[in-house]
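Numbering (our numbering), first residue to last: 38 to 450. All residues carry an ideal CB built from backbone N, CA and C; glycine is no exception. Below you'll find the structure, written out as structure tokens, and then a few comments.
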Amino acid sequence: MTYDCIIVGGGTAGMTAAITLGKNQKQVLIIEQCKELGKKLLATGNGRCNFTNSYYDSNTYRGDALFAKAVYEQFPYYKTIEFMHSIGVLQQEREGYFYPYTNQAKTVVLAMLDALERNHVTIYADRIVRSIVRKQTGEFHVRTSYGEFDARTILLACGGKASSYFKQEKSYGYGLAEQLGHRLTPLYPALCAMKVSEDIRLLKGVRLKGTIHLYADASLEDSISPLVQGELQFSAKGISGIPAFQVSRYAAQELSLGGTVYAMVDLLPEYSSKDLRMLLSQAEFDNDTTVFTYLCGYVQPAVAEWLLKQIDFTGDSRLAMLSETQWLSIVSCMKQLRFEITGVDDFDNAQVTAGGVETADIDPATMESRCCPGCFFAGEMVNVDGTCGGYNIQFAISSAMVAAKGIMDRRDK
Ligand SMILES: Cc1cc2nc3c(=O)[nH]c(=O)nc-3n(C[C@H](O)[C@H](O)[C@H](O)COP(=O)(O)OP(=O)(O)OC[C@H]3O[C@@H](n4cnc5c(N)ncnc54)[C@H](O)[C@@H]3O)c2cc1C
């Protein structure tokens, strides 16, 4: 038989598109290399699945942000909420972040699997799609590790290289896109921890609220990322936490181009350097007060120790002996703590892939290929990566919905 659509990849995007196509009486086959569908979705949001967010701005998506916007606007967050309701998922919202009411990603996966069954979608799991050929008739021939199939349209929803969930399989789908004539942009791990050159064992385990901003030069003039605020976490080798995750893709990109990367951390973003200097001079102390004790009123002891090391003070230096220049260097260190970034975590430990199928090869109005008619794309395999906060699942769902409509409009012509 010839399917209306073969979807390669039974993840977030593939399942969403299949449910919509099935609901509209299309004959759909999903081919998934893992034994179960939605494996990555199960791990999202620490098992809670943060599937969308009501906040959106021009920094939400990276890669081709304009392409992402064009797709998102056709299927924004409130339509994702409606979609979740339609498949029977009750939701809860916390400060704009949406989760299933059960706080379990499994709820979403089970609801999707149920909707696939209800809408008569055929599923072949545990098979890898090895090649796809577009025949002269315009139809597609799909060869898998177990069986060959034909379809009028193809939806490539193969996800990215991120996370170790697919370690056994390791087939990514980028090769399939290339076989059909599409270009790829370089791929980088994104939403992951960054490694630093400094010996920061002292800071291991520290969590603090601050800002992080990346620069391409040690003098911190050439900005290469937005400034991001939130809880930073330090390990013996690097920086993680959501703000570090948000900027990591810029570090990965710059380093892969042979550049240097420096992170500037502001430990007290609510205060200007001037205000901080004033506050520091207002507190009472006596001749015996050490600089270390005093700083511990502003930052955690491990951070105070680290700061003193940066400016070559010994912890037991008396506060009364500090010169104005020394005071200013303490303030400057608190406001502009600098680290050299030497790398980012690998794909296995990243949440998403930055880069992917070149968006110039795809029409954002339909997600149909511009170079291979009948071939559609959805999800992370496209050159769009979202920030933390539900935006990657949202893009997978938005692009899948746009692709499903594109497939139906095409077939109905
Ligand atoms: C730990 C972790 C936490 C995350 N948390 C969140 C979160 O809270 N919120 C959020 O928005 N995003 C989160 N993400 C990102 C989000 O999960 C993904 O961006 C999203 O699931 C992408 O959907 P997708 O359908 O494009 O790809 P996937 O869900 O990865 O699905 C692609 C599927 O294609 C299959 N496949 C690939 N090649 C082939 C082939 N040749 N043959 C057959 N099958 C193939 C793969 O096995 C896979 O199942 C998280 C990611 C990780 C790793």
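Check your understanding: Which same chain residues, not among the five before or five after GLY427, have their C-beta less than 7 angstroms away from its C-beta?
Key -> Sequence index remark: in the sequence shown, residue 427 carries index 390 (1-based). So the list reads ASN87, PHE88, THR89, ASN90, TYR134 and PHE135, once near-sequence residues are dropped.
Practice item. In the DSSP assignment, find the alpha helix (DSSP H) that holds GLN347 and state where it starts and stops. Key: In the sequence shown, counting from the first residue as 1, residue 347 sits at position 310. Per DSSP, GLN347 belongs to the alpha helix (DSSP H) from 338-347.
Review point. Apart from the five residues on each side of it in sequence, which residues of its chain come closer than 7 angstroms, Cβ to Cβ, to SER182?
Key: Position 145 of the sequence shown, counted from the first residue, corresponds to residue 182. Once the five neighbours on either side are set aside, the close Cβ partners of SER182 are ARG164, ILE165 and ARG167.
Review point. Which partner residues of GLY117 appear in the DSSP bridge assignment?
Key: For the purposes of this step, residue 117 is taken as the residue at position 80 of the sequence shown. Rather than Gly, the amino acid found at residue 117 in this sequence is Thr. Beta-bridge analysis with DSSP links THR117 to no other residue.
Review point. Should ILE444 go down as buried or exposed, given a rule of 16 or more other Cβ atoms within 10 Å for buried?
Key: Here residue 444 corresponds to residue number 407 of the sequence shown, with the count starting at 1. Sixteen is the threshold: when 16 or more other Cβ atoms of the shown chains lie within 10 Å of the Cβ of ILE444, as they do, the residue is buried.
Review point. Quick one: complete alpha helix (DSSP H) runs, 4+ long, within the stretch 112-195?
Key: Counting only runs of 4 or more residues that sit fully inside the stretch 112-195, the alpha helix (DSSP H) segments are 114-123 and 142-155, in chain order.
Review point. Hey, quick one: how far does the alpha helix (DSSP H) through SER369 stretch, first residue to last?
Key: Numbered from 1 along the sequence shown, position 332 holds the residue referred to as residue 369. Where SER369 is concerned, the enclosing alpha helix (DSSP H) stretches over 361-372.
Exercise for review: Would you kindly check if the distance between the Cβ of LEU74 and the Cβ of LEU150 is under 8 angstroms?
Suggested key: Counting from one through the sequence shown, the residue named residue 150 turns up at place 113. Counting from one through the sequence shown, the residue named residue 74 turns up at place 37. Cβ atoms of LEU150 and LEU74: closer than 8 angstroms.
Review point. Which one or two residues does DSSP pair with ASN90 in a beta bridge?
Key: Here the question's residue 90 lines up with position 53 in the sequence shown. ASN90 is bridged by DSSP to TYR134.
Check your understanding: Is the CB-CB distance between PRO223 and GLY51 below 8 angstroms?
Key -> Within the sequence shown, the letter at position 186 stands for residue 223. Within the sequence shown, the letter at position 14 stands for residue 51. No, these two residues do not count as a Cβ contact at 8 angstroms.
**Study point:** Neighbour-count burial assignment, LEU365, 16 or more Cβ in a 10 Å radius
**Key:** Along the sequence shown, read from residue 1 onward, the residue named residue 365 stands at position 328. Label assigned to LEU365: exposed.
**Study point:** Reference ILE367, options GLY175, VAL328 and LEU294, closest by Cα
**Key:** On the sequence shown, position 330 is the one that residue 367 refers to. Taking each of GLY175, VAL328 and LEU294 in turn and checking the Cα distance to ILE367, the smallest one comes out for VAL328.
Point to revise | PHE322 classed as buried or exposed, judged by whether at least 16 other C-beta atoms fall within 10 angstroms | key: Locating residue 322 in the sequence shown gives position 285, counting from the first residue. With fewer than 16 other Cβ atoms from the protein chains shown falling within 10 Å of its own Cβ, PHE322 counts as exposed.
Practice item. Any chance you could list the beta strand (DSSP E) runs of at least 3 consecutive residues sitting entirely within the stretch 233-314, in chain order? Key: Secondary structure remark: continuous beta strand (DSSP E) runs of at least 3 residues inside the stretch 233-314, in chain order: 244-252, 265-271, 275-277 and 298-303.
**Study point:** Three-state secondary structure assigned by DSSP to PHE432
**Key:** Within the sequence shown, residue 432 is the residue found at index 395, counting from 1. Judged by DSSP in its simplified three-state form, PHE432 adopts helix.
**Study point:** Classification of LYS453 by the beta-carbon crowding that lies within 10 angstroms, buried from 16 upward
**Key:** Residue 453 is absent from the structure shown; the chain starts at 38 and stops at 450.
Review point. CB ILE218 to CB LEU193, shorter than 8 angstroms?
Key: Here residue 218 refers to the residue found at position 181 when the sequence shown is read from its first residue. Here residue 193 refers to the residue found at position 156 when the sequence shown is read from its first residue. The sequence given here places Gly at residue 218; Ile does not occur at that position. Between GLY218 and LEU193, the C-beta spacing is not below 8 angstroms.
Exercise for review: Measure the alpha-carbon distance for LEU332 versus LEU359 and round it to whole angstroms.
Suggested key: Translated into the one-based positions of the sequence shown, residue 332 becomes position 295. Translated into the one-based positions of the sequence shown, residue 359 becomes position 322. Each residue's Cα considered, the two are about 13 angstroms apart.
Check your understanding: By how many angstroms is the C-alpha of SER435 removed from the C-alpha of PHE177?
Key -> One-based indexing of the sequence shown puts residue 177 at position 140. One-based indexing of the sequence shown puts residue 435 at position 398. The straight-line gap from Cα to Cα measures roughly 25 angstroms.
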